[in-house]
Each structure stands twice: as C-alpha cells, then as structure tokens.
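Novice: When you line the sequence shown up against mature numbering (1 follows the signal peptide of the UniProt record, and there is no 0), it's residues -20 to -1, 1 to 194, in that order. Just so it is clear, CB atoms sit at the ideal spot from N, CA and C, and this is done for glycine as well.
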Amino acid sequence: MATIELLLIICLSIVSSVPAARGNSEVDALNAFRHSLTDPDKVLENWDPNLVSPCTWFHVTCNEDDRVTRVDLGNSNLSGHLVPELGKLEHLQYLELYKNNIQGTIPTELGNLKSLISLDLYNNNISGKIPPSLGNLKSLVFLRLNDNRLNGPIPRVLTGIPSLKVVDVSNNNLCGTIPTSGSFEHIPSNNFENNPRLEGPELQGLATYDTNCS
Ligand SMILES: *[C@@H]1O[C@H](CO)[C@@H](O)[C@H](O)[C@H]1NC(C)=O
Ligand SMILES: *[C@@H]1O[C@H](CO)[C@@H](O)[C@H](O)[C@H]1NC(C)=O
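(1) Take residue 75 and list the residues in its own chain whose beta-carbon comes closer than 6 angstroms to its own, dropping the five residues that flank it on each side.
(2) Can you tell me whether residue 36 is buried or exposed, with buried defined as 16 or more other CB within 10 angstroms of its CB?
(3) Taking the continuous alpha helix (DSSP H) assigned at residue 7, which residues delimit it?
(4) Within the present structure, is the beta-carbon of residue 21 separated from the nearest heavy atom of ligand 1 by less than 7 angstroms?
(5) Within this structure, are the beta carbons of residue 101 and residue 138 separated by less than 8 angstroms?
(6) Alpha carbon to alpha carbon, how far is residue -6 from residue 29?
(7) Would residue 173 be called buried (16 or more neighbouring beta carbons within 10 Å of its own) or exposed?
(8) At the level of alpha carbons, what is the spacing between residue 62 and residue 176?
(9) State buried or exposed for residue 161, treating a residue as buried only when at least 16 other CB atoms are found within 10 Å of its CB.
(10) Quick test of your reading: residue 167 and residue 154, contact by CB under 8 angstroms. State the CB separation rounded to the nearest angstrom.
(11) Rounded to whole angstroms, what is the Cα-Cα separation between residue 146 and residue 5?
(12) Tell me the residue span of the beta strand (DSSP E) that contains residue 61.
(13) Mark residue 197 as exposed unless 16 or more other C-beta atoms lie within 10 angstroms of its C-beta, in which case mark it buried.
(14) Is residue 92 close to ligand 1? I mean its beta-carbon at under 7 angstroms from any heavy atom of the ligand.
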C-alpha cells in the first residue's frame, strides 16, 4: 500500500473517532433542558455544551464515574418546561426543581430514571396527568408534586414502589380516590388536600375509583 493511502486512512480514522470521544449524552440531555427554559437570574450560565462532561456545571453533581447524580435547581426563578431527554440521566438520584414557574407536563420518559430517589417538582405550574411510568422508579423515596395544576387520577402503580416514603400531591386538580394500599398506607391525608375532585380514602375492594375522572 502506498504511503499516501496509508496516511489518508490514518487521518480518516482519527477524524471519525473524534465525535465518539467527545459525545456525552448527559451534556446533550441537560443542554436540551436548558434550551427549554427561561433563566432570568442566569443560574445556568456556566452550562457549556462544549465540555466533555457536565460535572463542572453549577447545580449539577456527578459520581466518581462522571455520571450525573443530582440536578439542584430549586427556587431558581426558572420558567419553561421539562423535556423527555431528562429520562436519559440514568444515574440521576435527585431531581430538585421545586419553587420555579415550570409549565407543561411531566414527560413519560422520567419513568426511565431507574436510580431516582427524589422527584421534587412542587410549587410550579405543571399540568396534565401524573404519568403511570413513574411506577417504574423502584428507588424512589420522595415524590413531591404538590402546588401545581395536575389533573387525572393518582396512578395505582405508585402504591407498588416499596421504597416510597413521602408523597405530597396537595393543591392540584387530581380526581378519583386516594390510594390506601402498599406504600400509600402511611401517607397522611394532608398530603392529598385541596384537590376538589379527589375523593377518599378509597375503600378496599371497591374498584370504582376512576369513575368521572379523566
Ligand atoms: C425572577 O425573574 C423575573 C424576570 O422574569 C425578575 O423580574 C425577578 O426579579 C426575578 N426574581 C428573583 C427573586 O430573582
Ligand atoms: C401557568 O401556566 C398557564 C399556561 O399553562 C399560564 O396561562 C399561566 O399564566 C401560568 N401561571 C403563572 C403564575 O405563570
């Protein structure tokens, strides 16, 4: 093989390996979220999408393998909406977005966050239904969705998350009845209050909880 051909092959293989080395799906996911937000206080200003990882970004915490474990953006004056890409942060344990003015719905894809311990979306302007996919969050301990504009029923699959200790859905527009089984057995009734269409607590054996509830 001629030297020039060999050089060409070497150059091409170097060029084609660059995107693979630089690509970071967690940078891309958080950058997609940033682009859906309005950030008047510039709390996301150092989120540089050209970095190899998001681990030096403010309000982002990584583990020793440079995988994102926390996003701490509570009380940050953010508006905009959540994005499906957040579901790609597969090592995320804490998603803290409380006390902002986030609108829109909770993406189904958040059910992919297998390591999630805390989903804190309280005190925003989130509408739509609680996605049943959240029942897949088998590490979840804290689910605080209170003070939003959520409607629809409380998905029954949530009662099957053994680790779940704190659920607060008060001050929304949920309907149906309040689950009382599984992990919901010890949730205080205050944490369901101010949902004018929510009835309960549910009586065991009566499966009519979602009539007139959509
Ligand atoms: C939040 O952002 C608005 C602009 O959208 C600004 O007027 C207000 O002062 C900010 N509030 C705080 C507490 O930073
Ligand atoms: C909440 O969101 C709705 C649109 O979904 C909007 O009309 C309303 O102004 C928002 N409320 C606040 C306090 O921003």
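Specialist: Short version:
(1) Here residue 75 is taken as the residue at index 95 of the sequence shown, counted from 1. The answer, listed in chain order, is 51, 99.
(2) One-based indexing of the sequence shown puts residue 36 at position 56. Counting Cβ neighbours within 10 Å, residue 36 comes out exposed, since fewer than 16 surround it.
(3) Against the sequence shown, residue 7 aligns to sequence position 27. Start and end: 5 to 15.
(4) Walking along the sequence shown from the start, residue 21 turns up at place 41. Under cutoff, so the answer is yes.
(5) As a working note, residue 101 is residue 121 in the sequence shown. As a working note, residue 138 is residue 158 in the sequence shown. No. Outside cutoff.
(6) What you label residue -6 is simply residue 15 of the sequence shown in a count that begins at 1. What you label residue 29 is simply residue 49 of the sequence shown in a count that begins at 1. Summary for residue -6: the model assigns pLDDT 47, below 50, so the residue's position carries little reliability, and this model does not support an answer.
(7) Position 193 of the sequence shown, counting from 1, holds the residue named residue 173. It is exposed - the Cβ of residue 173 has fewer than 16 other Cβ atoms within 10 Å.
(8) Counting from one through the sequence shown, the residue named residue 62 turns up at place 82. Counting from one through the sequence shown, the residue named residue 176 turns up at place 196. Approximately 26 angstroms between the Cα atoms of the pair.
(9) In the sequence shown, residue 161 corresponds to position 181, counting from 1. By the Cβ neighbour-count rule, residue 161 is exposed, with fewer than 16 other Cβ atoms within 10 Å of its own.
(10) Numbered from its first residue, the sequence shown carries residue 167 at position 187. Numbered from its first residue, the sequence shown carries residue 154 at position 174. With 8 angstroms as the limit, residue 167 and residue 154 do not qualify as a contact, their Cβ atoms being about 14 angstroms apart.
(11) By 1-based counting over the sequence shown, the position of residue 146 is 166. By 1-based counting over the sequence shown, the position of residue 5 is 25. Each residue's Cα considered, the two are about 31 angstroms apart.
(12) As a working mapping, residue 61 is identified with position 81 in the sequence shown. For residue 61, the enclosing beta strand (DSSP E) has its first and last residue at 59 to 61.
(13) Any question about residue 197 goes unanswered here, given that the chain covers just -20 to 194.
(14) Locating residue 92 in the sequence shown gives position 112, counting from the first residue. Not so, every heavy atom of ligand 1 lies at least 7 angstroms from the Cβ.
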